[in-house]
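Read through the structure below, which is laid out as structure tokens, and then see the notes.
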Amino acid sequence: MSTQTDTRKTITIRRLAEMKQAKEKIACLTAYDASFALMLEKAGVDVVLVGDSLGMVIQGEETTLPVTIEDMLYHTQCVAKGLENALLITDMPFLSFTSEQEAVLNAGLFMKQGGAHMVKLEGGVDQADTVSALSRNGIPVCAHLGLQPQYVHKIGGYRVQGREGAAAEQMLSDALTLQQAGADMMLLECVPELLAREITAALDIPVIGIGASAGCDGQILVLYDILDISLGMRPKFSKNFISGCDGIQQAIQRYVAAVKSGEFPGDEHVFR
Ligand code: KIV
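FYI, the numbering for the sequence shown is 6 to 277, going by the working numbering.
What follows is the structure in structure tokens.
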């Protein structure tokens, strides 16, 4: 099977910014181990996230809250071994960035010992000082707005965010503040299409969507969802890419092709 790794450039934050400018879609997926990471690399996935979703899909927990720094470091080290050109992001787990110092030390661990190139953290304007501290210390940051699974008990479940006018305005303002604070990328989860398009147009940094429409600069899904490996129901915004495929490698390639061509996400995966 031919792969794209021979020809493609190493993915850096500069390259991602160029892709946004050139309207070239960014294909992202989660991974938790070296074998899957190698398959993502071969399929030409641009950005690989070691998501704290591993709490659910690997550990069988009901939420992401029990995931620890040690869990994230271990899985980051595993994934890093399978990657060559893709940009590797590690999620900051629940309560691992309650102060600027704690955030820098934990994120530093993921970069120094794990091989991560960027960290992702959930939270709006309240996290602006933390994003700024990370950025000042040379740690690239992906901010995560919209549905923030670490706040599941605070918001009372998993639901679309930013549907009401005030909430939408707040999200746009948070996005601009986080970019100003030094965020290098933005992830929007479960955000209505119009708002996602507005935020994507307003920001200079790349915006990656999950349940946030094809209007974003790129897409991310949980790997196990696209492979139809699921402990529960697959979310509306996800898609089974393995059905009718020869195997896992082909399914991942189909996902990358569908993101790059703008075919995924379709209307049925979008919130209005
Ligand atoms: O943990 C995770 O997998 C995520 C998703 C939104 C991609 O953050």
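All residues carry an ideal CB built from backbone N, CA and C; glycine is no exception.
This one's a predicted model, so the numbers in the text were calculated from it and none came from an experiment.
In the DSSP assignment, Val-109 falls outside any beta strand (DSSP E) and lies within the alpha helix (DSSP H) extending over 105-114. For Ala-262, the uninterrupted alpha helix (DSSP H) run begins and ends at 253-266, by DSSP. DSSP, read as helix, strand or coil, puts Lys-125 in strand. By the neighbour-count definition (other C-beta atoms within 10 Å, threshold 16), Ile-16 is a buried residue. Here DSSP, grouped into helix, strand and coil, assigns Met-190 to strand. Distance from the CA atom of Lys-265 to the CA atom of Asp-76, rounded to whole angstroms, is 31 Å. Those residues having their beta-carbon less than 6 Å away from any non-hydrogen atom of ligand 1 are, in chain order, Thr-35, Leu-54, Gly-56, Asp-57, Ser-58, Asp-96, Glu-194, Ile-215, Ile-225, Val-227.
Annotated three-state conformation of Leu-177 is helix, per DSSP. Proximity to Ala-172 across Val-212, Val-136, Pro-197, Thr-68 peaks at Pro-197, based on C-alpha coordinates. Under DSSP, Val-165 takes part in no beta bridge, so it has no partner.
With respect to the 9 Å criterion, Phe-276 and Cys-195 are classified as neighbours on the basis of their beta carbons. Classified as buried, Leu-114 has 16 or more neighbouring CB atoms from the shown chains inside 10 Å of its CB. Gln-26 counts as exposed, since fewer than 16 other beta carbons sit within 10 angstroms of its beta carbon. Per DSSP, Leu-139 is one residue of the alpha helix (DSSP H) stretching across 133-141. Here Cys-147 carries a strand assignment [DSSP, helix/strand/coil]. For the 9 Å CB-CB criterion, Ala-201 and Val-212 form a contact.
The DSSP assignment places 31-35, 52-55, 92-96 as complete runs of the beta strand (DSSP E) inside the stretch 17-97, in order along the chain (cut-off: 3 residues). DSSP, reduced to helix, strand and coil, places Gln-153 outside both helices and strands of the structure shown, so it counts as coil. Just so you know, the alpha carbons of Asp-134 and Leu-45 end up roughly 33 Å apart.
Less than 9 Å separates the beta-carbon of Leu-152 from that of Val-165.
Within the DSSP secondary-structure output, Gly-223 pairs in a beta bridge with Ile-31, Ile-213. In the structure shown, Arg-277 adopts coil according to DSSP, grouped into three states. Of all C-beta pairs linking the stretch 142-150 to the stretch 33-50, fewer than three are shorter than 8 Å, placing the two stretches out of contact. Linking Glu-66 to Asp-57 through their CA atoms gives a straight-line distance of about 11 Å.
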